[in-house]
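Presented below is the structure to which this report refers.
Residue numbers (my numbering): 31 to 184.
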């Protein structure tokens with residue numbers, strides 16, 4: 031009987047440890063950073079998304095203001111169409127805002143950085159950001175460097 035109570039006690043502590051690890055994983059993954067208190071969708075076309083994923087952060091001045099909700103191929107323009115959900119607290123973004131795909135750190139994950147423009151009218155639900163800069167693909171830069179340096183040596 032004494033072993034049974036010890037097993038129950040150990041099981042209780044193991045379940046508390048699993049719950050604590052789950053809570054820690056949620057905090058580290060940054061899912062709680064943006065709560066959906068109302069939001070609106072904005073689209074942007076990019077030539078190359080370079081590893082951008084859904085649920086990637088959308089930030090402005092280093093502050094998270096939204097997330098990427100969808101990435102799909104646009105068969106009309108033959109590029110990537112990225113849909114972002116912006117928190118409604120940031121509903122005064124100028125309509126000439128630009129979007130760039132950036133990397134956190136040297137080999138970190140991709141995110142979208144927004145830079146505000148100067149117009150008075152704001153982005154609305156379903157608006158399209160016209161000024162975009164695609165992801166910087168490291169492999170493409172290396173191949174261009176190697177190709178250019180081999181041409182100069184001839």
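Even glycine gets a Cβ: it sits at the ideal position worked out from N, Cα and C.
Note that this is a predicted model, so its numbers are computed, not measured.
- Per DSSP, the continuous beta strand (DSSP E) segment holding residue 103 begins and ends at 93–104.
- Between residue 105 and residue 84, the C-beta spacing is not below 9 Å.
- Taking one beta carbon from each stretch, the segment 145–156 and the segment 44–60 have fewer than 3 pairs nearer than 8 Å; the two do not touch.
- A residue is called buried once 16 or more other Cβ atoms fall within 10 Å of its Cβ, and residue 33, having fewer, is exposed.
- For residue 144, the enclosing beta strand (DSSP E) has its first and last residue at 140–145.
- Membership of residue 72 in the beta strand (DSSP E) is indicated by the continuous run 69–76.
- About 19 Å separates the Cβ atoms of residue 87 and residue 102, ruling out a contact at the 8 Å cut-off.
- In the DSSP assignment, the residues bridged to residue 115 are 71, 97.
- For residue 154, no beta strand (DSSP E) encloses it, and the DSSP letter there is neither H nor E.
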